[in-house]
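Residue numbers (this note's numbering), protein chains in the order written: chain A, 237 to 371; chain B, 237 to 371; chain C, 237 to 371; chain D, 3 to 377; chain E, 3 to 377; chain F, 3 to 377.
Taking it in order: structure first as structure tokens, then the write-up.
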Amino acid sequence: MYGLDAIDAHNGWAMAFAGACIVLTGLAVLSFIISQFPKFVGLFEKKAQPAPTPPPEPQAQPPADIQAPLEISRAADVYGPLILALGEEFKLEALHALFREQNLPHPHITIRNFWNAGLLQQTETGAFVWTANPS
Amino acid sequence: MYGLDAIDAHNGWAMAFAGACIVLTGLAVLSFIISQFPKFVGLFEKKAQPAPTPPPEPQAQPPADIQAPLEISRAADVYGPLILALGEEFKLEALHALFREQNLPHPHITIRNFWNAGLLQQTETGAFVWTANPS
Amino acid sequence: MYGLDAIDAHNGWAMAFAGACIVLTGLAVLSFIISQFPKFVGLFEKKAQPAPTPPPEPQAQPPADIQAPLEISRAADVYGPLILALGEEFKLEALHALFREQNLPHPHITIRNFWNAGLLQQTETGAFVWTANPS
Amino acid sequence: MELLLQFLQNTGYYLADYRHVLMILVGATFIYLSIAKEYEPLLLLPIGFGILVGNVPFFKGFGLGIYEDNSVLHYLYFGVTSGCYPSIVFLGLGAMTDFSSLLARPKLMLLGAAAQMGIFFTLLSALALGFLPKEAASIAIIGGADGPTSIFLTAKLAPHLIGPIAIAAYSYMALIPIIQPPIMRLLTTRSERRIHMPDPRPVSRKELLFFPIVGLLLCCFLAPASIPLLGTFFFGNLMKVSGVVDRLAKTASTAIVDTATIFLGFTVGASTQADVFLTGKSIGIFFLGAVAFSIATGSGVLFAKILNLFLKEKINPLLGAAGVSAVPGSAREVHLVGQKEDPNNFLLMHAMACNSSGVIGSAICAGILWSFNMG
Amino acid sequence: MELLLQFLQNTGYYLADYRHVLMILVGATFIYLSIAKEYEPLLLLPIGFGILVGNVPFFKGFGLGIYEDNSVLHYLYFGVTSGCYPSIVFLGLGAMTDFSSLLARPKLMLLGAAAQMGIFFTLLSALALGFLPKEAASIAIIGGADGPTSIFLTAKLAPHLIGPIAIAAYSYMALIPIIQPPIMRLLTTRSERRIHMPDPRPVSRKELLFFPIVGLLLCCFLAPASIPLLGTFFFGNLMKVSGVVDRLAKTASTAIVDTATIFLGFTVGASTQADVFLTGKSIGIFFLGAVAFSIATGSGVLFAKILNLFLKEKINPLLGAAGVSAVPGSAREVHLVGQKEDPNNFLLMHAMACNSSGVIGSAICAGILWSFNMG
Amino acid sequence: MELLLQFLQNTGYYLADYRHVLMILVGATFIYLSIAKEYEPLLLLPIGFGILVGNVPFFKGFGLGIYEDNSVLHYLYFGVTSGCYPSIVFLGLGAMTDFSSLLARPKLMLLGAAAQMGIFFTLLSALALGFLPKEAASIAIIGGADGPTSIFLTAKLAPHLIGPIAIAAYSYMALIPIIQPPIMRLLTTRSERRIHMPDPRPVSRKELLFFPIVGLLLCCFLAPASIPLLGTFFFGNLMKVSGVVDRLAKTASTAIVDTATIFLGFTVGASTQADVFLTGKSIGIFFLGAVAFSIATGSGVLFAKILNLFLKEKINPLLGAAGVSAVPGSAREVHLVGQKEDPNNFLLMHAMACNSSGVIGSAICAGILWSFNMG
Ligand code: NA
Ligand code: NA
Ligand code: NA
């Protein structure tokens, strides 16, 4: 059997329609629920520690000297996948070119920071590799 | 069936008594044998290398500059599990507090030694972690 | 059944002769084909990039400062297995002795290079280990 | 001499026909794409070499081929037919996925849902082309652009099609840089492509901790048949974000997922034994796969445009294309297309959010299609 | 529409009843304890999430549940029912255990033996409560306070009780900081708790090498049924101390043990499917588990006091409580209780020696109980 | 009391006889050689400890022994009997092998082929001693000096001989420093041993990439039965040299190969249960194994001398001894013997080339012997 007949015979329209509805509804509900997380987490926190004055997340605003590594890690999250597009090993010039090509700010400084954070490492052959999780 | 009847019917007393005897005897014998290890090892050594003068384990008394790492490793064995109680990541103050709380000698020096030995490492977020087996 | 009878009965001569022929022929052909690789690769390269002027493998002659690590890696390939003969951990003197014993040139420099390249590492107990793949 | 002759008649040289040559060329192409072009090498290289191994001609009946009991390949392939490798890969994926940008902007999850429409359109097309319902469902899931999910569903519904469906799914995932950009450009205006997305808000650890638990309960209650995929996926993610079992999370995201990836790719490749693979159905599957990918990309983009009709803060509709979940290929394409219009437009993080909700979406779809076709 | 309706009747929302809700709360509690309180997270987090996964309600008969053939969970659970995961965990444990303080003070091994008395007392109690002998033996082993050992013996003798027994064993191991200290304080005087233990003597490499070999031959000749646990345990330890196979020892103590831990915890958790788990027996098991732990702690402490009657160099009786082998939880408690009395008292290393002999002790007990109940 | 008595009658002490003692001494010897002499510890230590574990006497029929269904050892041993462990070890070996010196001097591959002659000579000898053809083939492969290959072929052809054949193969591999040098010196003149080999030319990445693909197609087309070994071997090598899947190559060459090595060695050791192992056949196997190794060494050396009759640039005939593939033991011996004559002679890299072609050669021989004896 072929064509619309086959679709009808195998209950195709119902499957496709029901399936589409279910997955859309499901993810819409999940999306709504996680949009309520901040409120819910707040509620939870208030219940748990009734003392209202101390800020619940003291680490939310880290002191200045800690900020830098955090920003590097943030930048790494952003640039990492792009850098992966250069392949496992790449030359430093290729990285500079990529950063310039994509108009990223301060390529030199960013690269130096990555280097210092151990995210960027040099192989024995002089090429560079990107280590997502420096050990 | 319940109660003593059930125990009797299923040969419970015999099982419990025999089981307890066996495990106690077994570990007592093992305990005795390993208490004889030093003698046995000595015997073995004499047989193997009949020359009596050279000390069989020249590394038993390492020179002074090696002593330090050994002591660190010893201290690490002692303190490691305690430090684990602080969780995967902890602040340096928490570690100091723990050492003071437990009256350990020279918290600062010990911590500095751990740091130098790579046992204590700082994460990107500024917290500290304890690495049992520094690579 | 034993002896020549058994060999005859089980078609032994044929198996041994055919087997030996097949493996010799097979590896001889493979040996011949890989001996043609350089030509074949050259052919491939020409087809792929018809521009004749640029050298196909610009990294074939790395600049001077890159040469060193390459040589270390080469030396490591050569000496590594020998060093493994010293066991997992060894003293530096043993390594020196090995190098001298086998008349390898410049033991001190080579050892220092290995050290710098992270191939040779010191354990906490003061012994040395050889790390084939430094991380 | 007789023995030698008999042996020679059992060599691959004697047994080979044009189909083996054809498949070996396919395998070599996969290997070439993975090494020279670096298209999804973690997937294409094992599959490509597996195709070579699976298409060495051999004498049947002695436990050598992947479809013969007692062969080593058959045992290794059991992880595919049982569905275990996909589950284990999802464990590792969960331990590697960062949901913080999704949590910061939950609306993007809708795009991950919309991109699944390609699945249902392909379901209809496959039925219309004469495939049986279970086959059609397995083919349709290619539109989810998720290799392990496709393999899992096919193993459950139409195990005889694992080879072609896996090859189609991975082929199109590798070809994303060629398939997606034209569709994205066709369906969006220049000004839409230039829409900037504001930086996501910081997400607290508690939110990250709640997400895998709520996600599991919600998605798996809705479609219990997605438990084998989403159960391990959210488990891996909880191990990652909990921070109390780092050694387990690290092993899950390295040794465990690598091992499953190696054997999954290698045996799926080897399952393309010429006489099983080269059938009319495979051609139909490849054709439908291309349809599925294109519709998925298009429906994601169009849904974003529809959403924009109701939203104050407009979404860049390119992000819709990242809902197809080919991680991280499609997110990278979205980013690159966006940057071509405006080099200051950074869509990557937002696209990754769509990507990860696309993974969840297609796992749910697999559950739905499986339960429609059970029994 | 009919299809949609039928699908909705198969969702977890429709199929759930109070028992699923109850179990999900239990799972959430485990996760909460593991993350917020950091109680044994390596065990509780996988089990807790496994409980959630195992209690998503689903339509039976289609290869989804852990107790149905062909389901992914069933295949992963095979490592539990076959006893392989516990054996592999013991391989890793062996490669992580340092026996030098035990070798320095062999007498401490007796405390590891004494703490097993809880097992045999619980055996009698379980029989008295009406459990069958094989069930009673499986419940009794909870008193050994060793998760993999309990799971192993239960898999062999009473596989239908794996869920409740594992949950009970791990629950009480997590609750050690609450259960043990009062018992320790009740049974010891202040001056006993203040007894200092002299530093252990240095142990030579040869002794460390002999131990796993002698230990294997002695323990497994005595109770051959403990081979699957102690065989791999001592093998792991020999790999560690030999120093000639460091790469194997490292893999055993990382990738291998982590993988087994993940799947062991996850599938044991998932095996608590509400309809199998929520029975009267489970309540009995939880009650008996608490008894087992308390008696084990008490008998270890009391035995140390009895030993002291004969010894010149007194042993701190708190160390007896570390014989229950919940590594390293109970050793830490002993240390902390000791330090409360006298901050200069360092019991940790000695307590670890009791701990590791407790592991050996309960594996022997498992062998004994298994061989009593074979056939 | 009755129970206690019955238990005591089931202990190893009661059940042991002289054969167990004998085997335990063998196991202890293996462990001693691996630790004190560091002879191939990665192989001998797991096997040695496995011998101890497998020879703890136990009551049969309750799922304890390696040959009983349902025992943990039996499940772990399945990787041996199915041939999976050897395949997986070859995956890791491939990911660790560097073929560049072989590619630089392809002629050395012939020496790797010549050293396989020991296999076929032993085949004849084994038949003459009364072994059945399948047994004779399994024994003959010992001459390939490759543990996993021997175990693989024996598992396929004569599974009842896995224990003795594996033990013989590994014993002689460990004894290479004792067996090979006298033969090498006997068959070569001093001036031959002093022949220098010029430095190998640099090899391009493309050649390294082509090799595993061409090698697979050539070798496996010739002997399809070698697919399970060479398929994974060349796959591992392609992962290594491709450079695009480094994380997979790393996992293959660490966690995966270590895990397979641990369980392969341990269970092969445990399979030497005294009543299965101590038979007349085992003695014959050990005798034939020594013959096989000696002939293999000799034929490699002699073949090199014959080659030299035709070659302008002479090959150092010592290299022929490295064709037996016991990696890297035999290569090291060749180097050391060469250096004794002339300390400036560096044969190691060239010997490694022969070594790796010896691995390929014996895998092909295994395929040939298997296909001769199928059905
Ligand atoms: Na998707
Ligand atoms: Na215990
Ligand atoms: Na060989």
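Note that beta-carbon positions come from the ideal geometry of N, C-alpha and C, so glycine has one too.
Going by beta carbon distance, what residues of the same chain come within less than 6 Å of residue 262 of chain E, once the five residues before and after it are set aside? 87, 90, 91
Would you say residue 250 of chain B reaches chain F, if we count a Cβ-Cβ gap shorter than 8 Å as a contact? yes
Is residue 6 of chain F close to chain B, meaning its C-beta is less than 8 Å from at least one C-beta of that chain? yes
Would you mind telling me which residues of chain D sit closer than 9 Å to residue 365 of chain A, beta carbon to beta carbon, in chain order? Correct list: empty, because the minimum Cβ distance to chain D is about 14 Å.
For residue 114 of chain E, which of E:141, E:145, E:85 has the nearest alpha-carbon? E:145
Within 10 angstroms of the Cβ of residue 230 of chain F, are there 16 or more other Cβ atoms? Answer buried if so, exposed if not. buried
For the beta strand (DSSP E) containing residue 364 of chain C, list its first residue and its last residue. 364-366
Could you pull the start and end residues of the alpha helix (DSSP H) that residue 342 of chain D belongs to? 331-343
Would you check if the distance between the CB atom of residue 151 of chain E and the CB atom of residue 368 of chain E is smaller than 8 Å? yes
Any non-hydrogen atom of ligand 5 closer than 7 Å to residue 127 of chain E Cβ: Absent from the structure shown: ligand 5. Ligands present: ligand 1, ligand 2 and ligand 3.
Through-space distance from residue 143 of chain F to residue 237 of chain C, alpha-carbon basis: 22 Å
DSSP bridge partner residues for residue 356 of chain B (one or two, in chain order): B:366
With distances taken from CA atoms, which of F:271, F:335, F:179 is nearest residue 351 of chain F? F:335
If we cut at 8 Å on Cβ distances, does residue 14 of chain D have a partner in chain F? yes
Scan the stretch 141-169 of chain D for residues whose Cβ lies nearer than 8 Å to a Cβ of chain E and list them as they occur along the chain. 158
Residue 5 of chain D to residue 365 of chain F, Cα distance in whole Å? 20 Å
Identity of the residue in F:7, F:8, F:17 nearest residue 223 of chain E by Cα: F:17
Which same chain residues, not among the five before or five after residue 255 of chain A, have their C-beta less than 6 Å away from its C-beta? none
Have a look at residue 274 of chain F and residue 278 of chain C and give me their C-alpha separation to the nearest angstrom. 54 Å
Strictly below 9 Å CB to CB, what residues from chain E border residue 219 of chain D? 14, 26, 54, 58
Is residue 270 of chain F closer than 8 Å to residue 52 of chain F when the C-beta atoms are compared? yes
Using only alpha-carbon positions, find the residue among E:55, E:100, E:280 that is nearest to residue 353 of chain E. E:100
How far does the alpha helix (DSSP H) with residue 22 of chain F in it reach, from first residue to last? 20-38
Pull up the DSSP beta-bridge partners for residue 326 of chain A, would you. A:364
Residue 203 of chain F classed as buried or exposed, judged by whether at least 16 other C-beta atoms fall within 10 angstroms: exposed
Limits of the alpha helix (DSSP H) - the one that residue 295 of chain E falls within: 282-312
Measuring CB atoms only, is the stretch 289-304 of chain E touching the stretch 183-198 of chain E, in the sense that at least three cross pairs come out at less than 8 Å? yes
Report yes or no: is there a C-beta of chain H within less than 8 Å of the C-beta of residue 250 of chain F? Looking for chain H here will not work: the only protein chains present are A, B, C, D, E and F.
Between which two residues does the alpha helix (DSSP H) carrying residue 122 of chain F extend? 119-130
Kindly give me the distance between the Cβ atoms of residue 9 of chain D and residue 258 of chain C, rounded to whole angstroms, as I take these residues to be in contact under 8 Å. 7 Å
Unbroken alpha helix (DSSP H) runs of length 4 or more, entirely within the stretch 153-218 of chain E: which are they? 164-176, 178-189, 192-195
Helix, strand or coil: which one does DSSP assign to residue 11 of chain D? helix
By the three-class DSSP mapping on this structure, what secondary structure does residue 238 of chain B have? coil
Cα-Cα separation, residue 359 of chain D to residue 323 of chain D: 12 Å
Name the chain C residues whose beta carbon is nearer than 7 Å to that of residue 327 of chain F? By Cβ distance, chain C contributes nothing, its closest Cβ being about 12 Å from residue 327 of chain F, past 7 Å.
Residues that residue 258 of chain B contacts on chain F, provided the C-beta gap is smaller than 7 Å: 9
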